[in-house]
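This report refers to the structure that appears directly beneath it.
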Amino acid sequence: MLDENKKEVILEISHLHKKYDENFAIKDLSLKLHKREVVVLVGSSGCGKSTLLRCINLLEDVQGGEIKLCGETISNRKSNLSEIRQKIGMVFQNYELFPHKNVLDNIILAPIKVQKRKKEEVIEDAKVLLKRVGLEGKAYSMPSQLSGGQKQRVAIVRALCMNPEILLFDEVTASLDPEMTREVLEVILELADMGKTMLVVTHEMQFARAVADRIVFMDEGSIIEATIPEDFFESPNSEKVKAFLDTFTYKQKRK
Amino acid sequence: MFSYVKDLGIDVLFKGHNFLRLMGGLLVTLKISLISIAISVVLGLAFGILMQKKNIAVRVVSRIYIDFIRIMPQLVLLFIVYFGSTRAFRINLTGELSAIIVFSLWGIAEMGEIVRGSLSSVSNHQYESAEALGLSRLQTFIYVILPQSLRRIIPISINLITRMIKTTSLVLMIGVVEMIKVAQQIIEANRMLSKNAAFGVYLVVFILYFLICWPISVLSMKLEKRWKQC
Amino acid sequence: MDYEFIIKFLPLYKNAAILTLKIGIIGIIFAIIIGLALTIITFYQVPVLRNITKFYIELSRNTPLLIQLFFIYYGLPKVGISIKAEMCAILGLAFLGGSYMAETFRSGIEAIDVIQKESAYSLGFSKLQTIIYIILPQAIRVSLHGIIANIIFLLKETSVFSAISIMDLMFTAKDLIGIYYNTIEALLMLVLFYLIILLPISIIGILIERKMKYV
């Protein structure tokens, strides 16, 4: 790896606190993402990883600490949210395509209306991206005519088409069966190869190992371990990580 | 204070037996509504279950019945039964009886549709899993399907009561002396004494309708909300 | 069947139907406007106004149109507000329909998942853009069936207008029965004309419902 200081920092979270009523969802969390880096967030459900993504995307207020995007403080901003969100591409668990618009319109709506880009140019971009994820034939289909895996690939293209600085993936394969999971994960792997900066929340450990530069393990709103995949899977330091990884293996009952 | 009541014409209701008469009219309204509702619930439930049958004749006839009843204004149906029966069958139905017939026919159609809708909204897997457990068809219906459907049927049928009470106001148009008609009579009789009676008395009737229907609506809404989550 | 009677009084029914439709359509347009206004008040939780809105919706939904009309037509003149019968009918229909429309719009908006709004925000849409491009188009689609059901309901309710001496279809039928005793013919034409008014909109409703299912 290159010397850390030389790399451009895209996302910097320091001492973040997030409370729901009196309960901490995120507690004193600090995390740095460099350009072209892929960080995978893992942890049992309710550990705060989805909340973290929502905080970064300004869908939640935070009660302490700071989030910086490309050097600019963005946490608890009240104005120009749109400008910041354009730099952040978010993909949700249940796709959240707009059901009343076809695939192409879903993708081009925000670039045209929000970024005020030329329609022809955006359509061209969109078609290139659709081809890359293997959906060039579906540009004029309605979301309801697509399979879950296809919808999720469209959602990824929709986020990509805004040319964001960073992509956030929130359990994007949790509603998909194994085959569809694979087609979506392959798209994300390809994005990693292209050098996109990504923060990925997932339960797919094999995939996490393949795609991550760093794996961050969260528990009760804090980071317990953050390390390269090999160390995380082969020699975890924390007992909590060991217990977590154990939930993915089964011991044979019969001798 | 009293002069205010007089200006608004509400004072008329405190003269003689006027208020009691108005309550008598209200009783007629409630009587017609409740009898019709009782008939509608019982026969509507049976009708809804009958419509589950795959038989083509049953389906076509019930569809035509429901669609005709639901597309016609209730007042038109009242006219057909009240005026039409005299001519067509040479029988003289009283206004009240005509009203009960019409509202029951209407209620059965509405109830039947509600029951059919909620029965068919229970997923097929429920039937299959009940059968897989060895329950008979009747047992499946009684223990599995009906309890689930009732959670949808009950709130909507409670709401039907308020619709029935409101619709009963129409019977004054076929000469039944119910609450609004009594109000009209009181206003007429006191035209000389209290000029503003039309304002006060109709206002009171308006409020009375609200006081009766509103709690029932609230109950229906509460039940619907509570059972939605289960 | 007395065909001569039918032909003779057909124009009378036609005029009555046109009057019913005229009042009905104007009333329904006002009902939709009121409904939209109330929806915006509820959506943005405007203080005071939203309490009034809530009270109005309950009042209007829990009282019969007939007493609403009687109060407007016979009651209000006693406190100095005199309104022509036709205006009363429009007012009554709008008063009744406004709450039904508001409830339909509200449930349309509620049917749209919060996360749809969030996904629009994630793409950088402003609040207003989100409402215009994402929420409203979906809400209208979801409500369309309910709006049509309301229109049918309100057109049916117009049948009570004869109670404030508007010469609508009911008035005409009752008049003819009273004068000529041609009950069967008068009732038949009554039913036919209501079918002419209500069938097309009902069919449109069914078609829309079908289309929504398969998209």
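Residue numbers (our numbering), protein chains in the order written: chain U, 4 to 258; chain X, 1154 to 1383; chain S, 115 to 329. For each residue, glycine too, the CB sits at the ideal point set by N, CA and C. Just so it is clear, the structure is predicted and the values come from calculations on it, not from any experiment.
Simplified DSSP assignment, three categories, for residue i
i        : result
M281(S)  : coil
G189(S)  : helix
L107(U)  : helix
I226(U)  : strand
H20(U)   : strand
R257(U)  : coil
S1302(X) : helix
P227(S)  : One point to set straight first is that residue 227(S) is Asp, not Pro, in the sequence displayed. Reduced to three states, the DSSP call for D227(S) is coil.
R217(U)  : strand
I169(U)  : strand
F1167(X) : helix
A1350(X) : helix
K245(U)  : helix
F27(U)   : strand
I13(U)   : strand
M145(U)  : coil
E174(U)  : coil
I132(S)  : helix
M1317(X) : helix
I311(S)  : helix
G198(U)  : coil
L72(U)   : strand
Rounded C-alpha distance that separates residue i from residue j
i        : j        : result
A1199(X) : G189(S)  : 44 Å
L242(S)  : N109(U)  : 18 Å
L1196(X) : M1332(X) : 28 Å
C58(U)   : L1376(X) : 37 Å
Y1355(X) : L301(S)  : 31 Å
G194(S)  : A1351(X) : 12 Å
L1286(X) : K1378(X) : 31 Å
E174(U)  : K71(U)   : 23 Å
G46(U)   : D64(U)   : 22 Å
L210(S)  : L152(S)  : 13 Å
I191(U)  : D216(U)  : 13 Å
L179(U)  : F307(S)  : 54 Å
F184(S)  : T1321(X) : 15 Å
F119(S)  : F1359(X) : 40 Å
S1370(X) : N1312(X) : 6 Å
G412(S)  : Y214(S)  : Residue 412(S) lies beyond the stretch modelled for chain S, which goes from 115 to 329, so this question has no answer here.
L135(S)  : F123(S)  : 19 Å
L1299(X) : E224(S)  : 28 Å
E242(U)  : H206(U)  : 19 Å
L1364(X) : L173(S)  : 9 Å
Y295(S)  : M115(S)  : 12 Å
Cross-chain neighbours of residue i in chain U, by beta carbon under 8 Å
i       : result
I249(S) : Going along chain U, no residue has its Cβ under 8 Å from I249(S), so there is no contact; the nearest lies around 10 Å.
R175(S) : Near R175(S) there are no residues of chain U at all, since even the closest Cβ is about 30 Å away, more than 8 Å.
R255(S) : H103
Residues that residue i contacts on chain S, provided the C-beta gap is smaller than 7 Å
i        : result
A215(U)  : By Cβ distance, chain S contributes nothing, its closest Cβ being about 23 Å from A215(U), past 7 Å.
I1333(X) : L180, I181 and F184
R1290(X) : What R1290(X) touches in chain S: nothing, since even the nearest Cβ is about 29 Å away.
Chain X contact residues for residue i, given Cβ-Cβ distances below 9 Å
i       : result
Y308(S) : I1224, M1225, P1226 and V1229
Closer than 9 Å at the beta carbon, the chain U residues around residue i
i       : result
S240(S) : L84, S85 and V117
Q159(S) : In chain order: nothing, as chain U lies at least about 19 Å away.
7 Å Cβ cut-off: residues of chain U touching residue i
i       : result
E232(S) : L62
Q252(S) : P102 and H103
Nearest-angstrom beta carbon gap, residue j and residue i [assumed within contact, 8 Å]
i        : j        : result
S1186(X) : I1318(X) : 5 Å
L1258(X) : S1302(X) : About 23 Å separates the two Cβ atoms, so there is no contact after all.
N1349(X) : L1166(X) : Wrong, their Cβ atoms sit about 12 Å apart, outside the cutoff.
S1215(X) : M1204(X) : 5 Å
E15(U)   : K35(U)   : 5 Å
V279(U)  : V106(U)  : The structure shown does not extend to residue 279(U), since chain U spans only 4 to 258, so no value can be given for it.
I186(S)  : T167(S)  : Wrong, their Cβ atoms sit about 20 Å apart, outside the cutoff.
Chain S contact residues for residue i, given Cβ-Cβ distances below 9 Å
i        : result
F95(U)   : I229, E232, S233 and S236
I1233(X) : L301, L304 and V305
Chain X contact residues for residue i, given Cβ-Cβ distances below 8 Å
i       : result
Y294(S) : What Y294(S) touches in chain X: nothing, since even the nearest Cβ is about 12 Å away.
Problem set entry | the segment 115-133 of chain U: positions lying closer than 8 Å to chain S by Cβ | Under the 8 Å Cβ criterion, the segment 115-133 of chain U contributes K116, V117 and Q118.
Exercise. What residues from the segment 1210-1229 of chain X come within 7 Å of chain S, judged by C-beta to C-beta, listed N to C?
Worked result: The residues in question are I1224, M1225, P1226, L1228 and V1229.
Problem set entry | Residues in the segment 1177-1197 of chain X having any Cβ partner in chain S nearer than 8 Å | Going along the segment 1177-1197 of chain X in chain order, one finds no residue with a Cβ nearer than 8 Å to chain S.
For this session: Output, in sequence order along the chain, the residues in the segment 175-202 of chain U whose CB is closer than 9 Å to any CB in chain S.
Result: Cβ contacts with chain S come from no residue of the segment 175-202 of chain U.
Problem set entry | Within 7 Å of chain S by C-beta, residues of the segment 99-115 of chain U in sequence order | Those residues of the segment 99-115 of chain U that come within reach of chain S (Cβ to Cβ, closer than 7 Å) are E99, F101, P102, H103, L112 and A113.
Problem set entry | Contact set between the segment 261-291 of chain S and chain X, restricted to residues whose Cβ is under 9 Å from the partner | Residues passing the 9 Å Cβ filter: I266, L269, K270, E271, T272, S273, V274, S276, A277, L283, M284, A287, K288 and I291.
For this session: Could you run through the segment 1349-1371 of chain X and flag, in chain order, every residue whose CB is less than 7 Å away from some CB of chain S?
Result: So the list reads N1349, A1351, F1352, Y1355, L1356, V1358, F1359, Y1362, F1363, C1366, W1367 and S1370, given in the order they occur along the chain.
For this session: Pull out every residue of the segment 1242-1262 of chain X whose Cβ sits closer than 9 Å to any Cβ of chain S, in chain order.
Result: For the segment 1242-1262 of chain X, which is checked against every Cβ of chain S, not one residue is closer than 9 Å.
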